[in-house]
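Reviewing the structure listed below.
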Amino acid sequence: MPRRAPRTVLDRMRTPSGIPGFLKTASVCALISGLLSPLAPAAASETATMQAEAAVNDHCGNQCSDILPPGQNGNATLAQILLNQAFGTQPEHAEDQLGPYANLAKGYPGLTNDKINTFFNDASFGVPADQVASSLKPAGRSDVTIVRDKKTGVPHITGTTRYGTEFGAGYAAAQDRLWLMDVFRHVGRGQLTSFAGGAPSNQGLEQQFWRHAPYTEADLQAQIDNAVATNGERGKQALADVKAYLDGINAYIDASDKGRTFPGEYVLTGHKDSVTNAGTIEHFKITDLVALASVIGALFGSGGGGEVNNALSLMAAQEKYGVAEGTKVWESFRMRNDPEAVLTQHDGSFPYATKPADPQGAALPDAGSVKPEPLVYDRTGSAATAGATGASREAAKTATSSAKRGMSNALVVSGKHTASGHPVAVFGPQTGYFAPQLLLLQEIQGPGISARGASFAGLSMYVELGRGQDYAWSATTSGQDIIDSYAVELCRDDYHYLYRGTCTPMEKVEQKNAWKPTTADGTAAGSYTMRVWRTKYGPVEYRATVGGKKVAYTTLRSSFLHEADSIIGFQMLNDPDYVKGPDSFQKAVQHINYTFNWFYADSEHTAYYNSGDNPVRAAGVDAEFPAWARPAYEWRGWDPATNTADYTPPSAHPNSIDQDYYVSWNNKQARDYTTAPWGNGSVHRGNLLEDRVKKLVQQGGVTRAALVKAMADAGLADLRAEDVLPRLLKVVNSSPVTDPAVAAAVSKLQAWSAAGGKRTETAAGSKKYADADAIRILDAWWPLLVKAEFEPGLGSGLYAAMTANLPVDESPSAGHGPTGSHAGSSFQYGWWSYVDKDIRAVLGEQVKGPLARTYCGDGSLAACRDTLVSTLKAAAGKTAAQVYPGDDVCAAGDQWCADSINHRTLGGIKHGKISWQNRPTYQQVVEFTSHR
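Going left to right, the sequence shown walks through residues 0 to 931 as numbering that gives the first Met the number 0 numbers them.
Given below as structure tokens:
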């Protein structure tokens, strides 16, 4: 069957029949003419003065750059949507950053510092007078001006009051992302299908995130109240900033409604009438922002979970090998603290979530008793179809896995090793590829705020990743474990549990959704109810028995009920009077409770800090497995009323200032610091950065261009080809290869490996890979060889359990994670470390932290070779159509297209595909020349 790429929100949009009729209506003609009318400019002298003031405080010396495809403009009127659907025309600034971003894939080899802004934007503060495209005083306010530049349309918001500055930030965000913000507030509230349509992908999306954060309106408000109450004057300022930001958003909603310039998706989804203008775009309220934050936190900032799956794989290993040997086998695959893992922090030890010497309180399920807790009830209409129930299964699988799809990378080099003597950084988040993009660019200048960079749409009251006056910062997902599973013993019935000796009722939280067909989404009418049972130990995730006792397994996350807390850290990062160097930077990000690695660079220093509310666990509790919900095994200092606990102190988090260099690609942070995902071993995509940056540092004289080239080169590398394939071929070539088909395959793979193992076009725009046959062969060979290498020794049951903990592969064409196929990010999760260690053991090479057993050929080189040769022959015989079966955007057999990045539509505007790159979505290149 062809593989189907997930489709979200408005992927199903089709141009309505009778386009000419649509375009001839008076309302649409008015919309088109409105598009051609420029905004009234503010006084030129006033704009120039404000921009000059911003430039005075810019210490980057024209050496800060950034990029965020496809473009700044994420709003489109109905007319623009219809023109895009019919003719492919793009609204202004909708995709003008996509070309430069894509072109780096073939343009990086000859890159020099003076050519960086061929592929990036100039991220200096302010806008030169001759580059001002428009200047607007939103809602006629005199205390804020939004200037947009000609090249990219990025808003440069300058306020003379704090309120006005934040009002402008909200207004500009709504100008650029109103529809997207509306979509994601409904995702966070579990109401997407009622808002945007009942497509199975929409059902899956709201189920995935609402399961993670099933909040009531009271819960959302309480989180705001708590964040304000516990943070003194900064908390009060944050509340005032958010209210001003909301006022700006809602002012734009009113203005766009009155002027009929609101996003056309509101018409196509039935919320507005294009002729009469009837209908309502709901104003945003403060609790919407908490719901939105819960989605972003779930996607990128909440490591952990998966304890029940861990228990199942441990039990399978113990059943196969016995308790002692099975545990040893399981631990060797888990790789909690692998000595060969690439580290972000080179020195020191930071023990966290390590294996206890004397485990206590584990509540492993009885064999065969685990049942996932249903989320969806009372399905009617299209909600009861196979496609809908399949989307629910995938959503549940994604939500309960420990392999969170958090991404992003960072390369930071100390001034000791650069040509200028100033630190250089190339860093940014991989947030997937959407149209419009989840992030937006902005510059904010006002009392207590001075920054430029990216923020998540709807949360852009502050710059979240970017640069200040003389410093820059960014983050990668860290993934340390802040989520634990508890076994609550049931009493009376299935909806009561023992809490500290008292039979206590579970809390039922429900969200009822119904939808009907619209122009945007023709899915037939349907409805369902999402229902979560909450306990003091978190929502119920599974039911099982333990020692014959009926239990519910719950999930407790340290950031649950604390989605708003991180606002204080972001406020500090934007405050030039707070962040004045690496120490104050580290103190700022300590206020961010999500699990991120934070990086910093100014003209003199670099720094690193790992954030997150890491709970202090009871002695003997193993974070890998479910624990009994009893006081002896609870987090220390835990208060269930507020979900607060004792957290590890900042000094216990990996942290560093002025290390020679830092690299991060979601790899292990530091020695003894356990991360939740499996497979942090000898081969990780972090090695692709480590190898390149280490070499640059050893050579010395690192420049911005050199560091960009290292990032771009790693972004085209096939991790398997670079770090595993050479040893696989060494085994195959340990005896003469006599089979012609195998010999031909070996020859192609060797040539590709010698050329660097890149997945790159023959020429820019060719849409054909160099070494296409070798790439096809490895894509086909990898899953075959892994299964043939490990399943005979592990047995089918244990092999299946292990693959549930860690998928075998994550090649560019694989449909993985919440963004599905065509998402760019690749090679984060897979069995490359297992294969590497196992093959090295077969070859007799030294292996630190080896697997408990040798699997390929049961340790025999000859038998292992037979396994590899037979699977290689089978792989070489697979056609391109078999390896790349096609999906909604690609024909079967189109290798380049299968890998390509496709901006998944969350609105009505579509963009063309670009060649695969494994790099941040938003990216900065920075080198400051001076310091305050």
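Beta carbons: idealized from backbone N, C-alpha and C, even for Gly.
Being a predicted model, the structure only gives us computed values, none of them experimental.
For residue i versus residue j, is the C-beta distance shorter than 7 Å?
i    : j    : result
V289 : L219 : yes
N609 : P653 : yes
F349 : Y854 : no
G196 : P435 : no
Y944 : A382 : Nothing about residue 944 can be reported from this structure: the residues present for the chain run from 0 to 931 only.
D240 : M460 : yes
S407 : Q429 : yes
G89  : P68  : The sequence given here places Gln at residue 89; Gly does not occur at that position. Contact flag unset, no.
Going by CA-CA distance only, name the one from the options that's closest to residue i.
i    : options                : result
G823 : A254, G856, F789, K912 : K912
T286 : F194, S368, R188       : R188
Q923 : C502, H604, Y607, A474 : A474
A486 : K548, S746, K271       : K548
R691 : Q668, S681, Y660, A720 : Y660
D712 : L724, A434, E689, V730 : E689
A523 : E721, G380, Q202       : G380
E463 : E91, A173, G568        : G568
D176 : Q429, R259, L437, D113 : Here the sequence assigns Arg to residue 176, which means Asp is not the residue at that position. The shortest C-alpha separation from R176 is found at L437.
S293 : L135, S650, I223, G447 : I223
G167 : C863, N592, I145, I252 : I145
V730 : Y768, K747, I908, A861 : A861
F595 : L298, E603, W780       : L298
T928 : T76, E809, N308, Q468  : Q468
T229 : C863, A716, A563, S663 : A563
E165 : D253, I448, V807, K257 : I448
K242 : G169, G848, P262, E306 : G169
Need the endpoints of the beta strand (DSSP E) that residue i sits in, please.
i    : result
H495 : 492 to 498
Q444 : 438 to 445
P538 : 537 to 545
L464 : 464 to 466
D601 : 595 to 601
A551 : 548 to 556
A132 : 131 to 135
N336 : Here N336 belongs to no beta strand (DSSP E), and DSSP marks it neither H nor E.
Taking DSSP as the reference, what is the three-state secondary structure of residue i?
i    : result
Q923 : strand
K481 : Residue identity check: residue 481 is Ile in the sequence provided, not Lys. DSSP places I481 in coil when its eight states are reduced to three.
L687 : helix
S820 : coil
C59  : coil
P884 : coil
L291 : helix
T503 : strand
P350 : strand
E232 : helix
T417 : strand
Q916 : coil
W634 : coil
H930 : coil
F584 : helix
Y107 : helix
Which same chain residues, not among the five before or five after residue i, have their C-beta less than 8 Å away from its C-beta?
i    : result
G389 : P199
Y798 : K786, F789, E790
F584 : Y470, W472, L572, V578, W597, Y599, A606, Y608
Near residue i, which residues of its chain fall below 7 Å by C-beta distance, leaving aside the five closest residues on each side in sequence?
i    : result
R499 : P630
Y496 : V487, E488, L489, C490, T503, M505, T534, A551
Apart from the five residues just before and just after residue i, which ones in its own chain have a Cβ nearer than 6 Å to its Cβ?
i    : result
G700 : A418
R950 : In the structure as shown, the chain begins at 0 and stops at 931. Residue 950 is therefore absent and cannot be evaluated.
S859 : none
T24  : For T24, the predicted model reports a pLDDT of 30, less than 50, meaning its position is unreliable; a value from the coordinates is still stated below. If we look at T24 and ignore the five residues flanking it on each side, it has no Cβ neighbours.
G796 : A315
C896 : C889
T792 : Per the sequence presented here, residue 792 reads as Gly, with Thr not at that position. Result list for G792: Y854, in chain order.
Determine the extent of the alpha helix (DSSP H) in which residue i is found, giving its start and end residues.
i    : result
K511 : Segment 506 to 514 is the beta strand (DSSP E) holding K511; no alpha helix (DSSP H) there.
K729 : 724 to 731
Y162 : 161 to 187
Using a Cβ-based criterion (distance less than 6 Å to any ligand heavy atom), does residue i qualify as near the ligand SAM?
i    : result
K766 : The model on display carries no ligand, and the ligand SAM is accordingly not part of it.
Verify the CB distance criterion: does residue i have a CB-CB separation below 7 Å to chain C?
i   : result
D65 : Of the protein chains in the structure, only one exists, and it is not chain C.
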